[in-house]
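Below is one structure; the comments refer to it alone.
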């Protein structure tokens, strides 16, 4: 009886080595599949995550401005490899106006043009300090005799400043003044990075931002006074020169899309139509892909069969089109009159790319 019980126990004891190896192999495969699926979801959601991060940052700046009763905003930092994209952002503040001492406007070259040169006198070291701290840059605003002027550095030398328009007051006369300083990074703040391979796309055919944001100098880089700033006043609305923009639309896209210059929307393909190298179109029927002309010419009378693999090309009459599969794109919109911040996907179904951001996704 005991022998029989022992034999039954032996037959039902645990897994064999082969069974254990098979089970472990299945578990490893399931783990790999799960991790791959999660990575895929995470990658496809990077642009959405970036838009939420930017929205939260802007809403945080607005809340701080209201609570601290001073202008607070966000500066989008230009990417080191592409001045027309931003991959990080940081909180900024508007310093108090500078109004120390008195200055005068002098005549350095006769009455025509009228005098514009500013004479600083003993204030020169203080203004130089402001300049070195990047609180005083070209384009600063100064109030003299209740009139606002813009000042720039004079070609006569460093820390020499002049008005950009004729001075309406008396020359060689000391005046008190109010100097608007350039926004600066808030104390103890560090930049917040966007997800890897995602950027705010500031190329001319993408985001709707002030024209100054997209201007580069002759060397292809942005001038020092061309920061990408959005400032909220203590009332919670946009303040400063950006207020005239009306609405900001900041497009979040992957860096591959920004590198190739993918537009926010593209025209539908048309028969017998001239196209130039670099032009973008979408198939008339729409397949979700974009196509860039790699040669100039005229399209054929019949729409071609479009390739669906990234980088593949098709000949269309005298034009060669190259396929580009776009990544997900989201827009963060800032309404300057109200200070409201919204985010939504790009509307690629019409030429109104920002329709969902302005009207809500119910507009679908």
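In the working numbering, the protein residues as written are 21 to 384. Ideal Cβ placement from N, Cα and C applies to all residues, glycine included. Note that the coordinates shown come from a computational prediction; the quantities given were computed from them, not determined experimentally.
Cβ neighbours of residue 337 within its own chain (closer than 7 Å, five residues either side excluded): 317, 318, 319, 320. Exclusion of the five residues before and after residue 291 leaves 319, 320, 321, 322, 323 as the residues of its chain whose Cβ lies within less than 8 Å of its Cβ. With fewer than three CB-CB distances shorter than 8 Å, the stretch 82-92 does not count as touching the stretch 101-110. DSSP places residue 87 in the uninterrupted alpha helix (DSSP H) bounded by 66-88. Looking at the DSSP output, residue 168 bridges to 163. Where residue 368 is concerned, there is no enclosing beta strand (DSSP E), because DSSP gives it neither an H nor an E.
Straight-line measurement puts the Cα of residue 256 at about 6 Å from the Cα of residue 86. Within the stretch 217-304, the runs of alpha helix (DSSP H) that reach at least 4 residues and sit entirely inside it are, in chain order, 275-280. Less than 9 Å separates the beta-carbon of residue 270 from that of residue 74. Closest in C-alpha terms to residue 125, from the list 83, 116, 174, comes 174.
Close CB contacts of residue 196 within its chain, under the 6 Å cut and outside five residues either way in sequence, are with 122 (chain order).
Here the alpha carbon of residue 97 sits roughly 11 Å from the alpha carbon of residue 222. For residue 315, same chain residues with a beta-carbon under 8 Å away, outside a window of 5 residues either side, are 297, 338, 339, 340 in chain order. Taking a 10 Å sphere around the C-beta of residue 160, we find 16 or more other C-beta atoms and assign the residue as buried. For the pair residue 254 and residue 88, the CB atoms are nearer than the 9 Å cut-off. For residue 151, the uninterrupted alpha helix (DSSP H) run begins and ends at 144-152, by DSSP.
Secondary structure at residue 373: coil, using DSSP grouped into helix, strand and coil.
Each of 190, 111, 166, 203 was checked against the Cα of residue 83, and the nearest Cα belongs to 111. Distance from the CA atom of residue 272 to the CA atom of residue 278, rounded to whole angstroms, is 10 Å.
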